Amino acid sequence: MLDHVLHGYVNAMECEHGQISRRLHSLGQSLDTIGVHGQSKTEVQSVVMQLEELEHFLANHFKREEDGGFLDDAVSAAPRFGLDAKTLLGEHGTLLTRVKELTNVARSKGNCREEWPSIAAATRTLIRQLKAHEERENELLRRAFNVANGN
Ligand SMILES: [Fe+2]
Ligand SMILES: [Fe+2]
Numbered sequence: 046m047l048d049h050v051l052h053g054y055v056n057a058m059e060c061e062h063g064q065i066s067r068r069l070h071s072l073g074q075s076l077d078t079i080g081v082h083g084q085s086k087t088e089v090q091s092v093v094m095q096l097e098e099l100e101h102f103l104a105n106h107f108k109r110e111e112d113g114g115f116l117d118d119a120v121s122a123a124p125r126f127g128l129d130a131k132t133l134l135g136e137h138g139t140l141l142t143r144v145k146e147l148t149n150v151a152r153s154k155g156n157c158r159e160e161w162p163s164i165a166a167a168t169r170t171l172i173r174q175l176k177a178h179e180e181r182e183n184e185l186l187r188r189a190f191n192v193a194n195g196n
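Under my numbering, the sequence shown is numbered contiguously, ending at residue 196.
Dropping the structure here:
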């Protein structure tokens with residue numbers, strides 16, 4: 046029963062994380078395109094829109110994880126991962142604030158040629174941080190799933 050439930054969590058979480066990963070990939074591609082020839086108004090708008098959507102998606106995703114979600118169940122199955130889960134959940138506030146700040150900066154200063162390189166660099170850093178965060182959660186779930194199965 047437990048492994049069945051956990052397996053469902055692993056799948057659900059990997060599905061959500063897959064959506065985040067695709068959003069981050071697409072955002073990175075938009076930055077690459079702009080990097081080749083400088084930003085146009087439409088391209089900046091596209092980046093701002095992707096950041097807004099990412100913020101909205103992440104706010105809901107983080108809330109699901111915090112409200113007795115996947116990680117709690119993983120820790121119930123394998124208490125040794127309690128500290129790791131707590132650390133991961135503790136990162137949500139900072140990550141979401143960073144996405145919000147970056148969205149605001151991109152919206153207000155994205156059309157300024159001088160500002161763009163630092164906005165793009167900060168966005169790439171955030172993409173890396175978000176990918177690392179989600180990958181650590183995937184890894185924790187996989188390991189908890191293995192422990193629950195006696196592996
Ligand atoms: Fe998370
Ligand atoms: Fe997550």
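Backbone N, C-alpha and C fix where the C-beta goes; we use that ideal spot for every residue, glycine too. Just so it is clear, the structure is predicted and the values come from calculations on it, not from any experiment.
Ligand 2 heavy atoms versus the CB of residue i: any closer than 7 Å?
{"i": "His106", "result": "yes"}
{"i": "Glu197", "result": "What is shown of the chain runs 46 to 196, which leaves residue 197 out entirely."}
{"i": "Glu98", "result": "no"}
{"i": "Glu184", "result": "no"}
{"i": "Glu59", "result": "no"}
{"i": "His62", "result": "yes"}
{"i": "Glu88", "result": "no"}
{"i": "Glu180", "result": "no"}
Does any heavy atom of ligand 1 sit closer than 7 Å to the C-beta of residue i?
{"i": "Leu133", "result": "yes"}
{"i": "His137", "result": "yes"}
{"i": "His101", "result": "no"}
{"i": "His82", "result": "no"}
Between which two residues does the alpha helix (DSSP H) containing residue i stretch?
{"i": "Gly138", "result": "His137 to Lys154"}
{"i": "Arg109", "result": "Lys86 to Glu111"}
{"i": "Ala123", "result": "It is not in any alpha helix (DSSP H) - Ala123 carries neither H nor E in the DSSP assignment."}
Would you mind giving the Cβ-Cβ distance between residue i and residue j, rounded to the nearest angstrom? I have them listed as a contact below 8 Å.
{"i": "Val93", "j": "Gly155", "result": "6 Å"}
{"i": "Phe102", "j": "Ile65", "result": "7 Å"}
{"i": "Gly127", "j": "Val120", "result": "5 Å"}
{"i": "Ile172", "j": "Ala151", "result": "With a Cβ gap of about 13 Å, Ile172 and Ala151 do not count as contacting."}
{"i": "Leu140", "j": "Gln174", "result": "7 Å"}
{"i": "His62", "j": "Leu133", "result": "12 Å between Cβ atoms; not a contact."}
{"i": "Arg158", "j": "Gly53", "result": "That belief does not hold up - the Cβ atoms of Arg158 and Gly53 are roughly 49 Å apart, past 8 Å."}
{"i": "Leu185", "j": "Val55", "result": "With a Cβ gap of about 10 Å, Leu185 and Val55 do not count as contacting."}
{"i": "Ala123", "j": "Val192", "result": "4 Å"}
Give every residue of the same chain whose Cβ lies closer than 6 Å to the Cβ of residue i, excluding the five residues on either side of it in the sequence, and list them in chain order.
{"i": "Val89", "result": "Gly155 and Asn156"}
CB-CB under 7 Å to residue i, same chain, minus the five flanking residues each way: which ones, in chain order?
{"i": "Glu146", "result": "none"}
{"i": "Thr148", "result": "Val93, Leu96, Glu97 and Glu100"}
Quick one: what's got a C-beta closer than 8 Å to residue i's C-beta in the same chain, skipping five residues either side?
{"i": "Lys86", "result": "Asn156"}
{"i": "Leu72", "result": "Val92, Gln95, Leu96, Leu99, Thr168 and Ile172"}
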